[in-house]
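S.K.:
2 protein chains.
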Amino acid sequence: MGSFKGQADYSVDKKGRIAIPAKMRSALRPEAVGTFTMTRGFEPCIYLYPLDEWLKKEVQYASLNQYDRRARHLVRTILMWADEVTLDAQGRIGLSKPLMDYATITERALIIGAMDRIEIWDPDAFQTYLEDQPDDHEALAESVMGS
Amino acid sequence: MGSFKGQADYSVDKKGRIAIPAKMRSALRPEAVGTFTMTRGFEPCIYLYPLDEWLKKEVQYASLNQYDRRARHLVRTILMWADEVTLDAQGRIGLSKPLMDYATITERALIIGAMDRIEIWDPDAFQTYLEDQPDDHEALAESVMGS
DNA sequence: TGCAAAGTGGGGAAAAGTGGGGAATAATCC
DNA sequence: GGATTATTCCCCACTTTTCCCCACTTTGCA
Chain A
58 MGSFKGQADY SVDKKGRIAI PAKMRSALRP EAVGTFTMTR GFEPCIYLYP LDEWLKKEVQ
118 YASLNQYDRR ARHLVRTILM WADEVTLDAQ GRIGLSKPLM DYATITERAL IIGAMDRIEI
178 WDPDAFQTYL EDQPDDHEAL AESVMGS
Chain B
58 MGSFKGQADY SVDKKGRIAI PAKMRSALRP EAVGTFTMTR GFEPCIYLYP LDEWLKKEVQ
118 YASLNQYDRR ARHLVRTILM WADEVTLDAQ GRIGLSKPLM DYATITERAL IIGAMDRIEI
178 WDPDAFQTYL EDQPDDHEAL AESVMGS
């Protein structure tokens with residue numbers, strides 16, 4: 058039931074570990090058995106899907122037409138970054154080098170709950186992202202949510 | 058089935074806690090189990106939705122296509138501010154740091170009942186907001202309500 | 001005017017976040 | 001192929017924050 062939400066600015070230690078906020082951990086379903094699949098975000102950040110959610114995505118990817126060049130490319134570029142990680146006794150996960158590199162994450166990171174996934178951003182990169190977005194939250198929200 | 062109404066000027070203690078007026082608490086449905094989801098208001102204030110109301114919104118967000126850039130941005134920028142809080146034995150909730158920051162709330166706050174949600178304002182910010190609004194209560198009512 | 005409920009403040013136990021040591025495992029280099 | 005080096009993972013320790021509980025003051029009502 059619980060979807061991920063909230064934000065946190067946490068440290069990434071020298072070993073590349075980062076804690077997952079307790080509130081997000083408690084939103085994890087038992088089926089996920091404390092496991093995530095992290096992969097490259099569409100934006101310059103890391104996506105973190107609970108195991109059970111990720112499996113659904115894999116089913117979707119598997120159903121794509123593998124004789125379609127673009128489908129092959131999509132699957133390739135998503136899966137090549139994917140890595141399965143499990144929470145340690147302290148509620149942390151270890152980020153993979155390629156993904157830290159892709160998201161330009163160093164010693165601090167922004168953890169954002171986004172529905173069925175968690176996103177991990179470099180604080181500066183996130184700021185840049187926000188500035189690049191058209192400032193039409195309200196209009197967008199209204200068009201999407203307006204009854 | 059209470060809708061929230063009324064206003065109150067309450068204190069925010071050093072721990073970021075604020076009491077919810079008894080009248081508003083009694084307007085909470087049992088389904089909300091004493092729980093709210095607070096999030097960023099369109100104006101510089103905090104929105105407080107009872108759990109049951111919030112879940113309806115979440116269903117809407119969940120139905121958005123996450124392969125659409127604008128939809129991702131909307132979900133991200135709304136959910137990152139969201140935080141679920143439960144009333145303590147004294148009828149208080151703890152405000153999140155990011156939201157206190159956003160709404161510039163320090164040691165006093167205005168609590169305003171607004172239909173299906175409660176709004177929490179910094180008194181000065183609310184004053185400023187009022188002054189910035191065109192002073193045509195009557196005309197506004199006519200244009201919004203008239204039909 | 002007394003009692004109950006509402007609002008306010010703070011102490012202390014428990015949990016969350018952070019850092020690092022060391023054993024097991026894997027990778028690399030003679 | 002064996003030894004050395006590097007990684008990974010598990011565990012322990014410390015600090016900070018959160019949350020639960022108790023206590024006091026004020027307000028409202030009978």
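Protein sequences appear in the order of chains A and B.
If you're matching positions, the first sequence starts at 58 in the working numbering and goes up one per residue.
If you're matching positions, the second sequence starts at 58 in the working numbering and goes up one per residue.
Ideal placement from N, C-alpha and C gives every residue a C-beta, glycine not left out.
Only a predicted model underlies this, so the values are computations on that prediction, with no experimental measurement involved.
1. For B/A171 and B/F61, I'd like the C-alpha separation in whole angstroms.
2. Please report the straight-line C-alpha distance between A/L136 and A/T96, rounded to a whole angstrom.
3. Counting only Cβ pairs nearer than 7 Å, list the residues of chain A close to B/M95.
4. Please confirm if the segment 149 to 169 of chain A is in contact with the segment 66 to 74 of chain A, defined as three or more CB-CB distances below 8 Å between the two stretches.
5. Applying a beta-carbon distance threshold of less than 9 Å, which residues of chain B neighbour A/G63?
6. So with Cβ pairs under 8 Å, would you call A/A198 a contact of chain B?
7. To the nearest angstrom, how far is the alpha carbon of A/S204 from that of A/A160?
8. Have a look at A/P157 and B/Y118 and give me their C-alpha separation to the nearest angstrom.
9. Classify A/R174 as buried or exposed, calling it buried when 16 or more other Cβ atoms lie within 10 Å of its own Cβ.
10. Less than 8 Å between the C-beta atoms of B/G73 and B/L152, yes or no?
11. Let me see if you follow: with CB-CB separation under 8 Å, is A/Q117 close to chain B or not?
12. In chain order, what residues of the same chain have a beta carbon less than 7 Å from the beta carbon of B/E100, not counting five sequence neighbours either side?
13. Quick check on B/P191: buried or exposed, where buried means 16 or more other Cβ atoms within 10 Å of its Cβ?
14. Ordered along the chain, which non-local residues of its own chain (more than five positions away) have a Cβ less than 6 Å from that of A/L108?
15. Sorted by chain position, which residues of the same chain lie with C-beta nearer than 7 Å to A/P155's C-beta, five sequence neighbours on each side aside?
16. So which residues of chain A does B/R133 contact, with C-beta pairs closer than 8 Å?
17. For B/L105, list the residues DSSP reports as bridge partners.
18. With a CB to CB cut of under 7 Å and the five nearest residues on each side skipped, what residues in its chain are close to A/Q123?
19. Under 8 Å between the Cβ atoms of B/G98 and B/E176?
20. Between which two residues does the beta strand (DSSP E) carrying B/A65 extend?
M.R.: Straight from the coordinates:
1. 6 Å
2. 8 Å
3. Those do not exist, as B/M95 stays about 10 Å from chain A at its closest Cβ, beyond 7 Å.
4. At 8 Å Cβ cutoff, the stretches touch.
5. L136, M137, W138, A139, D140, E141, S153 and P155
6. Yes, contact with chain B.
7. A caution first: A/S204 carries a pLDDT of 49, below 50, which makes its placement in the model too unreliable to give a value.
8. Checking the displayed sequence, the identity of residue 157 of chain A turns out to be Met instead of Pro. Their Cα atoms are separated by approximately 28 Å.
9. buried
10. Cβ atoms of B/G73 and B/L152: closer than 8 Å.
11. A/Q117 does not count as touching chain B.
12. Y186
13. exposed
14. A89 and T92
15. W138
16. I169, A171 and E176
17. Beta-bridge pairing links B/L105 to B/M95 and B/I175.
18. Excluding residues within five positions, the ones whose Cβ falls inside 7 Å are R129.
19. yes
20. Q64 to S68
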